[in-house]
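*Asks:* Would you mind keeping the following structure in view while I ask a few things?
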Amino acid sequence: MEEKKVFINDEGIAVVTCPECNTSKNMDARKYRKLNKAVRAKVKCKCGNVFPVLLERRKYFRKSVNLQGKYIIPGEKSSGTMKVEDLSRTGLHFKVNLPPRFKVDDKIVVEFHLDDKKNTFISKQAVIRTISGMNIGAEFNTVSSSDIEYDKAIGFYMMYN
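The sequence shown runs contiguously to residue 161 in UniProt numbering.
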């Protein structure tokens, strides 16, 4: 059975919905909020169905995507191709084709098109937060007025696409 992702709200409550009968219940998840690892649990519904959940502690929903783009290393004036694999309002996870020439805490610029009706172009400064082989995690910076427009476009995309 596929693991279902459930978000913990600010009060420490996770709303879990049974995939069998669609009954929802509130789960007290306060004890998991401060852990720095994924929390997997099995939930038993009143209908008897037992199903796995992944308790997500992120502030913003992260959407799986498959978007081609490029990254630019400003100080070196060099760039490379990337594939954005997931996206949130505050950052992204992407794969590179060649070993990265940047390190954690470096600032880069990421550019890609959303797969929405407008094919919206995004160009944002980001700070590298994690590197695992060719897999990169980065957090967006909002440094200019144009970034606010990109932030709005990403937020709209996350809600409606």
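Each residue gets a CB set at the ideal place from its N, CA and C atoms; glycine is no exception.
By the DSSP assignment, the alpha helix (DSSP H) with D151 in it spans what residues?
*Replies:* On the sequence shown, residue 151 is found 151 positions in, with the first residue counted as 1. First-last of the alpha helix (DSSP H) with D151: 145-160.
*Asks:* Would a C-beta distance cut-off of 7 Å place Q125 and N135 closer than the cut-off?
*Replies:* In the sequence shown, residue 125 corresponds to position 125, counting from 1. In the sequence shown, residue 135 corresponds to position 135, counting from 1. It is not a contact, given that the beta carbons lie outside the stated cut-off.
*Asks:* Residue range of the beta strand (DSSP E) that P52 falls in?
*Replies:* As a first step, residue 52 must be located in the sequence shown, where it is residue number 52. First-last of the beta strand (DSSP E) with P52: 50-56.
*Asks:* Helix, strand or coil for R101? Go by DSSP, reduced to three states.
*Replies:* Position 101 of the sequence shown, counted from the start, is the residue given in the question as residue 101. Note: R101 maps to coil in three-state DSSP.
*Asks:* Beta strand (DSSP E) containing T17: first to last residue?
*Replies:* The sequence position of residue 17 within the sequence shown is 17, counting from 1. Taken as a continuous stretch (DSSP letters only), the beta strand (DSSP E) holding T17 covers 13-17.
*Asks:* Is R40 helix, strand or coil by DSSP?
*Replies:* Against the sequence shown, residue 40 aligns to sequence position 40. Three-state result, R40: strand.
*Asks:* To which residues does DSSP link K114 through a beta bridge?
*Replies:* As a working note, residue 114 is residue 114 in the sequence shown. Rather than Lys, the amino acid found at residue 114 in this sequence is Leu. L114 is not bridged to any residue.
*Asks:* Determine, using beta carbons only, whether V6 and V53 come nearer to each other than 7 Å.
*Replies:* Your numbering for residue 6 matches position 6 in the sequence shown. Your numbering for residue 53 matches position 53 in the sequence shown. Yes. Within cutoff.
*Asks:* Can you tell me whether K5 is helix, strand or coil according to DSSP?
*Replies:* Here residue 5 is taken as the residue at index 5 of the sequence shown, counted from 1. If DSSP states are grouped into helix, strand and coil, K5 belongs with the strands.
*Asks:* Measuring CA to CA, which of E149, P19, G12, E20 is closest to N26?
*Replies:* For the purposes of this step, residue 26 is taken as the residue at position 26 of the sequence shown. Cα-wise, what sits closest to N26 is G12.
*Asks:* Just to confirm before moving on: does the CB-CB distance between D116 and Y157 stay below 7 Å?
*Replies:* Taking the first residue of the sequence shown as 1, we reach residue 116 at position 116. Taking the first residue of the sequence shown as 1, we reach residue 157 at position 157. Yes, the pair counts as a contact, with Cβ atoms nearer than the cut-off.
*Asks:* With 16 as the cutoff for other CB atoms within 10 Å, does F112 come out buried or exposed?
*Replies:* Here residue 112 refers to the residue found at position 112 when the sequence shown is read from its first residue. When all chains shown are included, F112 counts as buried.
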